[in-house]
Each structure stands twice: as C-alpha cells, then as structure tokens.
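> Before we start, here is the structure in question, set down as structure tokens.
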Amino acid sequence: MELTIFKSIIYGDLKPWASDAVNEKFYRQNLSAKFIQPKQTINEYYKALKEIHKNKPNLFKEDGLEIYLLQADTDISHDILNPLVETQLAEPTTATQRFYHFLLLNEATRLSDRVFKCVNKDIGEIQKKEIVQNVVKSCKDLLLRIGTDQDSFTQTDLTAYVIPQLITNVIRFLKETEKLYPQFLSELPSNKNELYGELLQQPIPDIEIDKTTPEFATVNNILLGVDDYKFEKDTRFSFGFNGDETKLKSTLSALNINMELLNEDKTTVEQLVSVLTSKDLKIGAPQIHLGCETTQFSYIVSKLEQHFSNFNPTTIEQSNLFYSKKGTDLKRNNLYKNKNNYPKEQGTIDDILRQL
477 MELTIFKSII
487 YGDLKPWASD
497 AVNEKFYRQN
507 LSAKFIQPKQ
517 TINEYYKALK
527 EIHKNKPNLF
537 KEDGLEIYLL
547 QADTDISHDI
557 LNPLVETQLA
567 EPTTATQRFY
577 HFLLLNEATR
587 LSDRVFKCVN
597 KDIGEIQKKE
607 IVQNVVKSCK
617 DLLLRIGTDQ
627 DSFTQTDLTA
637 YVIPQLITNV
647 IRFLKETEKL
657 YPQFLSELPS
667 NKNELYGELL
677 QQPIPDIEID
687 KTTPEFATVN
697 NILLGVDDYK
707 FEKDTRFSFG
717 FNGDETKLKS
727 TLSALNINME
737 LLNEDKTTVE
747 QLVSVLTSKD
757 LKIGAPQIHL
767 GCETTQFSYI
777 VSKLEQHFSN
787 FNPTTIEQSN
797 LFYSKKGTDL
807 KRNNLYKNKN
817 NYPKEQGTID
827 DILRQL
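Numbering (our numbering), first residue to last: 477 to 832.
So, in structure tokens, the structure goes:
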C-alpha cells in the first residue's frame with residue numbers, strides 16, 4: 477500500500493523545509509471547515525485537499541487499494557470519521573501548522589476508513605491478510621526511512637513541528653490496523669521499542685500508543701458482529717444513575733443555559749433529571765426533546781456513560797423517550813453515526829461536564 481500523503485512530507489511536494497512550505501496567507505484563506513473537521517465522511521477532507529492543492533497531482537496517486545474497493549459489498553457498512561487510537565499532538569499556532577496538523581490527522585483517519593471498507597468487501601481471507609500485512613509493512617518501512625534519513629532533513633521551525641506529527645499519525649494508523657485485524661497479522665503487534673528504538677532510532681517516549689477511543693469500540697463491535705440490542709430483559713427499566721443527583725441537575729442546567737441542550741418549549745431540566753435518575757421508568761414518563769445538535773448530544777452521552785450503569789445509545793433508543801432537535805425518534809444508529817470527538821462548543825461542554 478502506498479502512503480502517498482505521508483511520503484509527500486519527506487520525499488514529495490509537501491516537505492516542510494521547502495522554500496514555499498510556509499504560506500500563511502494562502503492557508504488562512506483556503507483551509508475550509510470540511511478540511512479541518514469533516515462531518516459526514518472522511519472523504520470530505522480529501523476533496524477539500526484536492527481543492528487546496530489542485531496543482532499537485534502527485535498527492536492524489538492511487539494507493540493500491542482501488543482493486544479491492546471495486547469488489548462487491550457485504551452487509552457490513554460504517555464510515556470511520558474519527559481516530560480509533562488516542563494520540564498526543566502539539567496544537568498548531570500558525571496557519572501553515574494548522575494545515576499540516578489536520579492534513580496528517582485526517583489522512584490517518586481516511587486510510588483507516590479505506591482499509592476497513594476493503595477488508596469488509598466480498599473477498600477471501602488471503603486478500604484480507606494481504607491488505608493488512610501490506611499496511612503494516614508500508615508503515616514500518618516509512619518509519620525506518622524517517623529514522624535513516626532524519627539527520628538530512630533541513631531543520632526549520634516547521635520541520636520541527638511537522639515531523640513528530642507525521643510520526644505520530646503513521647504509528648496511529650499502524651496501531652489502528654493491528655488492533656482491528658489481529659487475526660490477519662503475520663507477526664506480533666508492534667511496540668514502542670520496535671517503532672521508536674529500532675525503526676526511528678529515537679529515545680523511547682513515555683506515552684501510550686495502544687489506548688483506544690470510543691470510535692474503536694464501535695468499529696470493533698461491528699467487525700465482531702456484536703449486537704448491542706441484545707441485553708438482559710428485566711421487568712424494570714432504568715439508566716442506572718450512580719452519582720450525585722444534585723450535581724447532575726446542576727450540570728444539565730448549565731448545559732441547557734450555555735448550549736440549549738433541551739427544547740424548553742417541550743422539556744424541562746427537571747424532567748430530564750427525573751428520567752435519567754428513575755429506578756423504574758414506566759409508560760407515561762416525560763418525553764425528552766433536544767434543543768442541541770445530535771452530534772453534541774452523542775458527545776455528551778459518551779462523556780456521561782461513566783456515571784451510569786445502563787446509559788448508552790442502545791438504551792436511549794429502547795426507552796422511546798428521546799427526540800432529536802428535528803422532532804424525530806432518537807435512534808441508536810443516529811447517535812453512533814453522529815459520534816464526533818470535536819462537536820460544536822466542545823470546550824464549553826467539557827468545562828461543564830467536569831462539574832459532575
């Protein structure tokens with residue numbers, strides 16, 4: 477598999493030490509919202525990149541997966557839109573850094589999405605092994621080349637920012653592949669000693685490279701055929717709140733004030749609290765009508781789950797009580813589909829949820 481965008485950073489059109497690499501005015505004017513944070517599919521980022529660098533066709537050469545993507549579909553379908561493995565990346569402070577930061581972040585996601593779609597086409601086990609093992613080989617080959625050639629990279633402030641971002645996202649793509657498809661590996665999963673010590677010839681950093689995100693759990697469950705609809709039946713139905721009810725009410729009130737969590741013409745904070753804390757929800761319980769976007773509510777649900785024993789997209793649908801901003805029944809699939817680690821007003825949401 478060709479890692480075309482990644483390779484372009486050190487051997488192609490996007491070398492950060494090139495004379496035209498720093499272009500603040502150009503990137504301030506041309507970085508669209510879809511390039512930075514695609515909403516529907518990760519291909520939105522890629523289309524935006526083609527507009528930004530339409531004069532650099534080498535960035536968009538085939539990667540070798542095209543033949544698999546032409547094969548017949550199966551009943552497994554999902555769009556990976558967010559990282560599956562957590563990373564620690566320095567935030568950009570200039571427009572040019574911003575371009576490279578989101579380029580590499582989104583490219584790793586795009587590649588994971590392409591591999592997922594290929595592996596889940598109607599192909600044989602041999603082809604699936606070939607895809608996964610080629611990904612592993614390509615990632616390790618690129619890391620080795622970086623380790624071998626890094627002393628020859630022209631040192632600039634942009635180089636010092638971009639190369640660690642490149643390394644982190646190559647490793648992220650590698651680990652996402654290894655963790656999703658362990659049955660197709662030909663060797664043991666990689667570790668920090670191999671990647672940083674042997675390949676990159678760098679000191680071993682004190683970081684985690686295997687820590688997964690909620691998106692990984694979603695994708696992995698799809699691969700495993702886990703049906704979250706199947707759970708033990710009980711005569712009672714409860715979300716299993718196990719925290720401080722006063723703090724919960726305060727937190728939900730703050731969310732409602734700052735980001736219009738609820739449609740206040742139809743639902744009060746008190747009603748939401750009563751539903752979330754009820755030990756036995758019965759027919760006639762108040763309906764919960766959202767005033768915020770589904771992406772925001774999905775994010776809030778993922779953050780609140782730790783305070784409940786039974787609060788997740790599946791049980792939200794099962795309750796038949798929750799309605800989207802548009803007035804439609806809130807379904808499990810909609811919550812998963814709209815899962816986004818960076819929703820609107822994320823900072824405000826995070827600050828408020830810390831109260832709980």
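The beta carbon of each residue, even a glycine, is placed where N, CA and C say it ideally should be.
Can you name the residues that DSSP bridges to F798?
I764
> Let me check one thing: in DSSP terms, what residues is F784 bridge-paired to?
Under DSSP, the beta-bridge partners assigned to F784 are F717.
> For T768, which residues of its own chain have a beta-carbon under 7 Å away from its beta-carbon, when the five flanking residues on both sides are left out?
Residue 768 is actually Cys in this sequence, not Thr. Same-chain partners within the cutoff: M735, E736, L737 and K801.
> Taking the runs of the alpha helix (DSSP H) that are 4 residues or longer, which of them lie wholly in the stretch 600 to 625?
601 to 625
> Take the Cβ of A524 as the centre, count every other Cβ of all protein chains shown within 10 Å, and call the residue buried at 16 or more, exposed below.
Taking all protein chains shown into account, A524 has 16 or more neighbouring C-beta atoms within 10 Å of its C-beta and is therefore buried.
> Whole-angstrom Cβ separation of L581 and K483, contact assumed at under 8 Å?
With 8 Å as the limit, L581 and K483 do not qualify as a contact, their Cβ atoms being about 17 Å apart.
> Flag this pair as yes or no: are the beta carbons of Q547 and D589 separated by less than 9 Å?
By the CB criterion at 9 Å, Q547 and D589 fall outside the cutoff.
> What distance in whole Å lies between the Cβ atoms of N732 and H783, which are believed to be in contact at a cut-off of 8 Å?
Not really, about 17 Å apart at Cβ, beyond 8 Å.
> Based on the DSSP output, what are the partners of K833 in its beta bridges?
Beyond the ends of the chain as shown, which are 477 and 832, falls residue 833; an answer cannot be given.
> So, under 8 Å CB-CB, I647 and H554 are touching, yes? Tell me the CB distance rounded to an integer number of Å.
About 23 Å separates the two Cβ atoms, so there is no contact after all.
> Could you give the first and the last residue of the continuous alpha helix (DSSP H) run that contains E527?
N519 to I528
> What did DSSP end up calling K597 once you bin it into helix, strand or coil?
strand
> Is it right to say I680 is buried, meaning 16 or more other beta carbons lie within 10 angstroms of its own, or is it exposed?
Exposed, since its Cβ has fewer than 16 Cβ neighbours within 10 Å.
> Out of curiosity, what's the CA-to-CA distance linking V612 and M477?
9 Å
> Should R808 be listed as close to the ligand PLP, given that the test is whether its C-beta is under 8 Å from any heavy atom?
The model depicted lacks the ligand PLP and carries no ligand whatsoever.
> At what residues does the alpha helix (DSSP H) containing P640 begin and finish?
D633 to L656
> Are the CB atoms of D686 and V561 nearer to each other than 9 Å?
When the beta-carbon positions are compared, D686 and V561 come within less than 9 Å of each other.
> Taking the continuous alpha helix (DSSP H) assigned at S662, which residues delimit it?
No alpha helix (DSSP H) contains S662, which DSSP labels as neither H nor E.
> First and last residue of the alpha helix (DSSP H) that includes N816?
Neither: N816 is in no alpha helix (DSSP H) and is coded neither H nor E.
> Going by other Cβ atoms of all chains shown within 10 Å of its Cβ, with 16 needed for buried, is P533 buried or exposed?
By the Cβ-count criterion, P533 is exposed, with fewer than 16 other Cβ atoms from all chains shown falling within 10 Å of its own Cβ.
> When you compare the stretch 742 to 755 with the stretch 811 to 822, are there three or more beta-carbon pairs, one atom per stretch, that lie closer than 8 Å?
no
> Bridge partners of L581, per DSSP?
The partner list for L581 (beta bridge, DSSP) is empty, contrary to what the question assumes.
> Could you give the DSSP three-state label for D682: helix, strand or coil?
coil
> Quickly, what does DSSP pair V561 with across the bridge? List them, please.
Secondary-structure assignment with DSSP links V561 through a beta bridge to T688.
> Just the Cα atoms here: how many angstroms apart are L832 and T824?
Taking the CA atoms as reference points, L832 sits about 14 Å from T824.
> Considering only the alpha carbon of each residue, which of L671, L780 and D633 lies closest to I828?
L780
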